[in-house]
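In this note's numbering, the protein residues as written are 507 to 738.
Using N, Cα and C, we set each Cβ at its ideal position, and we do this for glycine too.
Heads up: the structure comes next, in structure tokens.
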């Protein structure tokens, strides 16, 4: 399966200090005719966000997937400024990267890095994670969650994964704010036999920029250990 993606980078007059959630709110209000831009729960659209908002190193960007790519192409020229939490930013330049890239299981594992924190835990599994005795057990627990996140992403994009996925990760805890609440996120790297397009998000909060990944390099299959799971 291939996916069409459009990655829109907005170069502003100064670094943006706010978060993806504020950018998402502004763009959604500025273009209310496109429900896909704000992905509200009461809008019967896709389960995996087709438009994702990211602020990486002070630079805002938007990722559009399939239908989302078409919408971003339509509105890109109209985003010449935006205001986040009272701070106004001028867009001095826009850069658009359009690609058609593979998405789905692959033979050889791919090495990825989280460019924004991965939100792996929720209220239900946080206690189970903390109760584990050592980091090795916690890592295996997180690997299983990551496999589940990838399978959920695939399902939300219309793909049924019929091959077992293997994940190996090296991640560190990081305190983050998600929906106004301080919680534990994770940064680091992982390998999995699944192709994920550049800048797509994995896990919770992907529409707000969390869990953004980029590929680093390919690894040999023998380097994979830890969690594995097959899609339903």
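Would you kindly work out how many angstroms separate the C-alpha atoms of residue i and residue j, rounded to a whole number?
i           : j           : result
residue 653 : residue 672 : 8 Å
residue 522 : residue 624 : 21 Å
residue 562 : residue 707 : 13 Å
residue 529 : residue 555 : 15 Å
residue 691 : residue 513 : 24 Å
residue 613 : residue 699 : 6 Å
residue 549 : residue 535 : With a pLDDT of 46 at residue 549, under the threshold of 50, the modelled position of that residue is not reliable, and no figure is offered here.
residue 568 : residue 651 : 26 Å
residue 745 : residue 608 : In the structure displayed, the chain extends from 507 to 738; residue 745 sits before or after that span and is not available.
residue 642 : residue 704 : 29 Å
residue 618 : residue 716 : 14 Å
residue 532 : residue 674 : 37 Å
residue 582 : residue 697 : 33 Å
residue 592 : residue 647 : 41 Å
residue 710 : residue 558 : 12 Å
residue 547 : residue 712 : The pLDDT assigned to residue 547 is 45, lower than 50, so where the model puts this residue is not dependable; a value taken from the coordinates is nonetheless given after this. Their Cα atoms are separated by approximately 14 Å.
residue 683 : residue 626 : 13 Å
residue 662 : residue 575 : 16 Å
residue 551 : residue 515 : Model confidence at residue 551 stands at a pLDDT of 47, short of 50, so the residue's coordinates are unreliable and nothing is read from them.
residue 658 : residue 584 : 33 Å
residue 688 : residue 520 : 27 Å
With H, G and I counted as helix, E and B as strand and the rest as coil, what does DSSP make of residue i?
i           : result
residue 667 : coil
residue 575 : helix
residue 561 : strand
residue 551 : In this predicted model, residue 551 has a pLDDT of only 47, less than 50, meaning its place in the structure is not dependable; the value taken from the coordinates is given anyway. Coil, per DSSP.
residue 540 : coil
residue 752 : No statement about residue 752 is possible, as the shown extent of the chain runs from 507 to 738 and does not include it.
residue 533 : helix
residue 519 : coil
residue 678 : strand
residue 722 : strand
residue 508 : strand
residue 526 : helix
residue 514 : strand
Determine the extent of the beta strand (DSSP E) in which residue i is found, giving its start and end residues.
i           : result
residue 635 : Segment 629 to 637 is the alpha helix (DSSP H) holding residue 635; no beta strand (DSSP E) there.
residue 692 : 687 to 701
residue 617 : 610 to 620
residue 590 : 587 to 590
Should residue i go down as buried or exposed, given a rule of 16 or more other Cβ atoms within 10 Å for buried?
i           : result
residue 517 : exposed
residue 538 : exposed
residue 655 : buried
residue 632 : exposed
residue 630 : exposed
residue 601 : exposed
residue 508 : exposed
residue 685 : exposed
residue 570 : buried
Relative to the alpha-carbon of residue i, which residue among the options has its alpha-carbon at the smallest distance?
i           : options            : result
residue 525 : 580, 588, 539, 581 : 588
residue 665 : 610, 533, 569, 606 : 610
residue 595 : 586, 527, 677, 601 : 586
residue 622 : 681, 540, 509      : 681
residue 579 : 543, 657, 659      : 543
residue 620 : 677, 598, 606      : 677
residue 566 : 720, 714, 721, 689 : 714
residue 615 : 679, 560, 527, 669 : 669
residue 573 : 702, 541, 639      : 541
What residue range does the alpha helix (DSSP H) around residue i cover?
i           : result
residue 712 : Residue 712 -> no alpha helix (DSSP H), and no H or E assigned at all.
residue 662 : 641 to 662
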